[in-house]
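First the structure, in the form of structure tokens, and then the observations on it.
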Amino acid sequence: MEPTATAASSFDGVGQDIQARERLMVCMQDLIRGLGQANADLARELEKRRSILQDAESGPEVMAEKEALLVACGPAGIMSLPGTNGHG
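When we follow our numbering, the leftmost residue of the sequence shown carries the number 2, and every step to the right adds one.
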């Protein structure tokens, strides 16, 4: 290969690399936006469930929902409910 051809193919490789990185960056930004939206949706759903549990009577359904809430958001989700040594 001639030096000019080698330089041109190297330049093409760099250009392709830059384009691939730009596509990857766009994909990562889309992923981050999607995760942010999913997190906001989950926070709203967990808040609704907490609100329902605060007003619920004790019983098997309430215990099952508290267990599901614990799995979904950890001890902080349960600690925010009344009667669980939390703020409520």
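Cβ coordinates follow ideal geometry from the N, Cα and C atoms, glycine included.
Note that the coordinates shown come from a computational prediction; the quantities given were computed from them, not determined experimentally.
- Here the segment 52 to 67 makes no contact with the segment 11 to 30; the two share fewer than three CB pairs at distances below 8 Å.
- Assigned with DSSP and collapsed to three states, G14 falls in helix.
- Take C74, set aside five residues on each side of it, and the residues of its chain with a beta-carbon closer than 7 Å to its own are L47, in chain order.
- Secondary structure of E58 (DSSP, three-state): coil.
- Taking the CA atoms as reference points, V63 sits about 10 Å from A69.
- Only exposed fits K49, as fewer than 16 other CB atoms lie within 10 angstroms of its CB.
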